[in-house]
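Counting along the sequence shown from 1, when you hit position 229 you're at 292 in the numbering used here, and nothing is skipped either side. C-beta: ideal position from N, C-alpha, C; glycine also.
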Amino acid sequence: MIFYNQVKREFTQASWKRGQIYFREERVRDVRLTGNTISAKVQGTDEAAYETAIVMARGTIFNSDCSCPAHRLYESHCKHVAALTIWMLERGSLLRSGVGDEDDGVADLDHFLVLRDVDKAAVDVRLRGLIRTNVQLRRGRFMLRKDGTGGIVEGRDESGREFSIPITAPEAIALREHTVREEEKAQPVELLKADPVAFVRGIFLNKALNAITVEPAARYYDPVSHEAQVETLNHLVRQSEFRTWRTQGGLYLKFTSDVVPVLGSLEAGKIIYQGPAALENLAKLLSSEYRSHIVFHRALDVEIDPKPLKLVSLSIGKKTDKSRALTFEFKNHSAAFTSDELARLAEQGLLSSQYVWKDNKLYKFETSLNQLNRFANRSGVVSPETETKKLAAPDGFATLDDDSAHPLHPLAAYRLSLELGVENFNVDPDWTEFHEWRKNFEKKKTPPLPEVDYVFGLRDYQANGLSWLWSLYHRGLSALLADDMGLGKTHQVLALLTSVYTKKSLRPKHPTLVVAPTSVVAAWSQKLQKYDTQLKWHIFHGKARTLREDVDLVLTTYGILQKEEVLRSREWHMVILDEAQAIKNSSTISARASRSLKAKYRCAMTGTPVENQSTDLWSIMEFLLPGYLGSLPRFKRLYGSGREAPSPYQAEALKRLVSPFLLRRTKAQVLKELPEKTEEIIDCQLTPAQKKAYRAWLASSEADEVRKSLEGAGKVDYASILALLTRLKQVCDHPRLPDLTSGKVKKITALDPLESGKWEVLEELISEALGSELKVVVFTQYLGMIDLIANAMKEKGVGYTELRGDTSDRAERLNKFATDPDCRVFICSLLAGGLGIDLTSASVCIHVDRWWNPAKENQATDRLHRIGQTRGVQVFKLQTPGTIEDRIAAIIESKVALSGTLIEESPVGLKSFSRKELLDLLTDPVE
């Protein structure tokens, strides 16, 4: 017995994803079964065919082997093993039925059965055809293990009470024969497979289907007894009352749910359906991933329109007691269907959620009716009743809830039109509130920007950004300025503030609050001091902080915002969040505090609006436009919530939704003159001292506890994992760095730099840069490394300065590095230097160690590669092969990025790693 989810957990997400692609591309060939071993040839990306094998035991993979280089390099299953595993899960019945080469050596694969989610209601005495023991029901699933000829079903019901059902051996079971009334047969609908040698992978049908005919006759596979049958079948009639299929020979075959007993092993040239609900059955087949294998028989003279029906109009009707009805029209190049006409076709049985049949022509909806209902529903869910029953009723299409307890907001109605991408959107005139809101939202004319001298100057794209901010500001709408790092978001927002506060006719009553990380507050302060913006400003920070009233602008940090009720209790004209990814987690104190601020206008600034997952964007938008993206549960249902990239449909809908309020330009788009940036990863081998320290940490009691946490089924102790992984990462920099951090080593002079495999590389890079009269920025995560590098620069007589998280005179140090030609090296902690500072006087960037999140590295690098840089920027990343650094980088690079689907590249945090991936990090470095 194979447990699908358990097998999947044996792989890294990247390997599993690539395996799925290889399986779909038919790269798995020459599959053979010998005992418990399945072997095959799997074609790689380089056209080479790798010998791949898996050994199954106890419901999962006991061992695997592959001739590819990656399988030996990493201690985890490779993508070729994943492809073969998926082949086995999806097409294992082919082995059972003996389909394939005669010399395949096919053995009984009964104990390799794949069991997916099963309804609890199915776990009863009707499982007597299963020969298993120790069957346990867990949250709607049951797991099976072959052992003997009899067995028992054990589990717990929803109330927690245990139950058990005995199962007898199959030879003791005789299905009762029934006199079955012949069901009335409708005109058959015939399907022909386009590829006669392709296998049909299961036929899943709804309850309305009466019969299935297979031409030519083929052997069948019984999904209840899990055995391939010798007898062929040609015609089956479904007997719903007795939950059986009756063959033309009088044999009764049991069925579970709605699965026809011809799974996997069916190789037929023609399939004929007979039943009243042919359209719905066709819809299910045509919408599956195997739709290319099925076409209509030419003799039927049935045509499938190649162009989908697009939703071209949507109208919200008058308010009834608690809702507003939706009417709509679908259209393509040759046909149009109104909601009224679709309702009539539904009554004739010619409409499904995805298809409509008219005049011997089948049309597919680009947006299914169920999808329309999901977007219209506040919860983002369509109930089974809505899916099946309501489609047949003239008034059964989607409605919008609108009652006194939960009134429909105009923004929610407008959101629906964007989510569906409808071209023509109309609302009944009786909803005056909506029409007033829409008139303001869509108004073309806004007051011209005042003639203000922006002393810092604006590039063309920045002037366009200012116009965009000004337009939203005058419509009372919020803005998400998501320009790439280094494109001058602060300048654009400062220009808006200058326009608003320096003209008496526009000057608001209340000041503006800017919330930012500490280093970014310093950058704002530096710009306000440098440029005469005529804005009165004040920093609300420090122990003796007081909130002044005679200012236009108040600068504070996220930490102060969490603590100070005075910021949340007063009125602000604008609230601006800089580096707004700080509130990406909607449940944090910072996120909740920012949402509680009172302001007429809100603005968020960030170069990475999506860092880990799409819900990051929801949190920022909830600050800007509360309720616009709906509730968080609705958002997760419609757009996803985990680290997986959203589907193309989800991504396009979300883009349409946020595009009116989001502006993003990249450097490649607007800064053609920006110098080139080159990046290089340099491998630095561990020294013997580092290897010894690394292995000591792997063998420590802390490592044992972490492994137990990951191998168990309980909650993962991420704090302990992070502590251990941090120690391993520190060893990659220097073997004694953990001791320095913990206080076991008191003085930096006790550390011999040459014990680090990175030291000679670092010295050489700095020496070459200084010899070329270039300034250097060195980033590291660890204060001990800052001390070690600073001590070396001091001994060599190289002018340097440094920046840490607790540095109080950061502005002076930044200015020294920018203006003093003798200050050649800038040593900086990654997080302290990654936000809001300008390091364009340097053109060489060295990352001594790798960060969990590539976006943080990129933010740090972009302190050099930004407006004002006149030289090409060289970026060097030091990395130790075979260690945690190397493996983290590989995992991160293989994760599904949200780039191109939502807004921005998706880095990965520790919690995005699977248990298997984390365990793989705790292995011995490669020699």
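Q. Okay, do the region 383-395 and the region 498-516 touch, 3+ Cβ pairs below 8 Å being the bar?
A. These segments do not touch.
Q) Closest by CA to M637, which one among D746, V861 and A667? A) Here residue 637 is taken as the residue at index 574 of the sequence shown, counted from 1. Considering only alpha carbons, the answer is A667.
Q: Please confirm whether V1012 and T812 have their CB atoms less than 7 Å apart.
A: The structure shown has nothing for residue 1012, since the chain only spans 64 to 990.
Q) For Q849, which of helix, strand or coil comes out of DSSP? A) Residue numbering aside, residue 849 sits at position 786 when the sequence shown is read from its first letter. According to the sequence shown, residue 849 is Ile rather than Gln. In this structure, I849 counts as helix in the three-state DSSP scheme.
Q: Just list the alpha helix (DSSP H) runs in the region 72-143, keeping only unbroken ones of 4 residues or longer that don't cross its boundaries, in chain order.
A: Unbroken alpha helix (DSSP H) stretches of 4 residues or longer found wholly inside the region 72-143: 76-87 and 132-136, given in chain order.
Q.
Taking the beta carbon of R913 as the centre, do at least 16 other beta carbons fall within 10 Å, making it buried, or is it exposed?
A. Within the sequence shown, numbered from 1, the residue matching residue 913 stands at position 850. With 16 or more other CB atoms across the displayed protein chains lying within 10 angstroms of its CB, R913 is buried.
Q: Mind checking which residues open and close the beta strand (DSSP E) that includes D464?
A: Taking the first residue of the sequence shown as position 1, residue 464 is located at position 401. T462 to D464 is the extent of the beta strand (DSSP E) around D464.
(Q) Less than 7 Å between the C-beta atoms of F438 and E482, yes or no? (A) Locating residue 438 in the sequence shown gives position 375, where the first residue counts as 1. Locating residue 482 in the sequence shown gives position 419, where the first residue counts as 1. The answer is yes: Cβ separation under 7 Å.
Q) Leaving out five residues before and five after L927 in sequence, what residues of the same chain have Cβ atoms less than 7 Å from its Cβ? A) On the sequence shown, residue 927 is found 864 positions in, with the first residue counted as 1. Here the set comprises V840, L902, T903, A905, S906, C908 and V936.
Q) By how many angstroms is the C-alpha of L560 removed from the C-alpha of I890? A) Within the sequence shown, numbered from 1, the residue matching residue 890 stands at position 827. Within the sequence shown, numbered from 1, the residue matching residue 560 stands at position 497. So the two alpha carbons sit approximately 34 Å from each other.
**Q.** Beta bridge counterpart(s) of S378 as assigned by DSSP
**A.** Here the question's residue 378 lines up with position 315 in the sequence shown. In DSSP, S378 forms a bridge with T390 and N489.
Q.
Within a Cβ cutoff of 7 Å, which residues of the same chain sit near I998, ignoring the five residues on either side of it in sequence?
A. The structure shown has nothing for residue 998, since the chain only spans 64 to 990.
Q) I947 and K792: beta carbons closer than 7 Å? A) Counting from 1 along the sequence shown, the entry for residue 947 is found at position 884. Counting from 1 along the sequence shown, the entry for residue 792 is found at position 729. Against a cut-off of 7 Å, the Cβ pair of K792 and I947 comes out as a contact.
**Q.** Between the CA atoms of M119 and S783 - distance to the nearest angstrom
**A.** Here residue 783 corresponds to residue number 720 of the sequence shown, with the count starting at 1. Here residue 119 corresponds to residue number 56 of the sequence shown, with the count starting at 1. Whole-angstrom Cα-Cα distance: 33 Å.
Q | For C886, the first and last residue of its enclosing alpha helix (DSSP H) | A | Your numbering for residue 886 matches position 823 in the sequence shown. Where C886 is concerned, there is no enclosing alpha helix (DSSP H), given that its DSSP letter is neither H nor E.
(Q) So, under 8 Å CB-CB, L576 and L630 are touching, yes? Tell me the CB distance rounded to an integer number of Å. (A) The sequence position of residue 576 within the sequence shown is 513, counting from 1. The sequence position of residue 630 within the sequence shown is 567, counting from 1. Cβ atoms of L576 and L630 come within 8 Å of each other, at about 7 Å.
Q. In this structure, what does DSSP give as the bridge partners for H537?
A. Residue numbering aside, residue 537 sits at position 474 when the sequence shown is read from its first letter. Secondary-structure assignment with DSSP links H537 through no beta bridge to anything.
Q) Which residues mark the beginning and the end of the beta strand (DSSP E) in which E634 is found? A) As a first step, residue 634 must be located in the sequence shown, where it is residue number 571. Residues E634 to D641.
Q. Among residues of its own chain, excluding the 5 on either side of V419, which ones have a beta-carbon nearer than 7 Å to its beta-carbon?
A. To locate residue 419, count along the sequence shown from 1; it is residue 356. Cβ within range, chain order: F400, L405, L408, L413 and Y426.
Q: Taking only the alpha-carbon atoms, compute the straight-line gap between L377 and W494 and give it to the nearest angstrom.
A: For the purposes of this step, residue 377 is taken as the residue at position 314 of the sequence shown. For the purposes of this step, residue 494 is taken as the residue at position 431 of the sequence shown. Cα to Cα, the separation comes out at about 15 Å.
Q) Helix, strand or coil: which one does DSSP assign to L981? A) Indexing the sequence shown from 1 puts residue 981 at position 918. Annotated three-state conformation of L981 is helix, per DSSP.
Q. Taking the Cβ atom as the reference point for each residue, do I117 and L147 lie within a distance shorter than 7 Å?
A. For the purposes of this step, residue 117 is taken as the residue at position 54 of the sequence shown. For the purposes of this step, residue 147 is taken as the residue at position 84 of the sequence shown. By the CB criterion at 7 Å, I117 and L147 fall inside the cutoff.
Q | Opening and closing residue of the beta strand (DSSP E) in which H601 lies | A | On the sequence shown, residue 601 is found 538 positions in, with the first residue counted as 1. The continuous beta strand (DSSP E) containing H601 extends over residues W600 to I602.
Q. Mapping DSSP to helix, strand and coil, what is L894?
A. In the sequence shown, the residue the question calls residue 894 occupies position 831. Here L894 carries a helix assignment [DSSP, helix/strand/coil].
(Q) My output table needs one value for V70: the three-state DSSP class, helix, strand or coil. (A) Counted from its first residue, the sequence shown places residue 70 at position 7. In this structure, V70 counts as helix in the three-state DSSP scheme.
Q | Euclidean distance between Cα positions of S892 and F880 | A | For the purposes of this step, residue 892 is taken as residue 829 along the sequence shown, with counting starting at 1. For the purposes of this step, residue 880 is taken as residue 817 along the sequence shown, with counting starting at 1. Rounded to the nearest angstrom, the two C-alpha atoms are 15 Å apart.
Q) From which residue to which residue does the alpha helix (DSSP H) around W681 run? A) Looking up residue 681 in the sequence shown gives position 618. Note, W681: alpha helix (DSSP H), T678 to L687.
Q | DSSP state of E482 mapped onto helix, strand, coil | A | Residue numbering aside, residue 482 sits at position 419 when the sequence shown is read from its first letter. DSSP, read as helix, strand or coil, puts E482 in helix.
**Q.** Neighbour-count burial assignment, L749, 16 or more Cβ in a 10 Å radius
**A.** Here residue 749 is taken as the residue at index 686 of the sequence shown, counted from 1. Residue environment for L749: buried (at least 16 other C-beta atoms within 10 angstroms of its C-beta).
Q. How is the beta strand (DSSP E) around W420 delimited, first residue to last?
A. Residue mapping note: residue 420 aligns to position 357 of the sequence shown, counting from 1. Looking at the DSSP string, the run of the beta strand (DSSP E) that includes W420 is Y418 to K421.
Q | Closest Cα partner of A545 within the set K424, S764 and L725 | A | Position 482 of the sequence shown holds residue 545. It is L725.
Q | Cα-Cα separation, N395 to G703 | A | Counting from 1 along the sequence shown, the entry for residue 395 is found at position 332. Counting from 1 along the sequence shown, the entry for residue 703 is found at position 640. The alpha-carbon atoms of N395 and G703 are separated by roughly 29 Å.
Q: Would you mind working out which of D869, G868 and T864 sits nearest N878, comparing C-alpha positions?
A: Counted from its first residue, the sequence shown places residue 878 at position 815. Taking only the C-alpha atoms, the option nearest N878 is T864.
Q.
I'd like to know whether the C-beta atoms of I745 and V824 end up nearer to each other than 7 Å.
A. Counting from one through the sequence shown, the residue named residue 745 turns up at place 682. Counting from one through the sequence shown, the residue named residue 824 turns up at place 761. Yes, Cβ-Cβ distance for I745 and V824 is below 7 Å.
Q) Is the distance from the Cβ of Q993 to the Cβ of E674 below 7 Å? A) This structure cannot speak to residue 993, because the chain is shown only from 64 to 990.
Q) Which one of Y113, C141, D869 and I367 has the shortest CA to CA distance from N126? A) As a working note, residue 126 is residue 63 in the sequence shown. Selected option, being the one with the closest Cα: C141.
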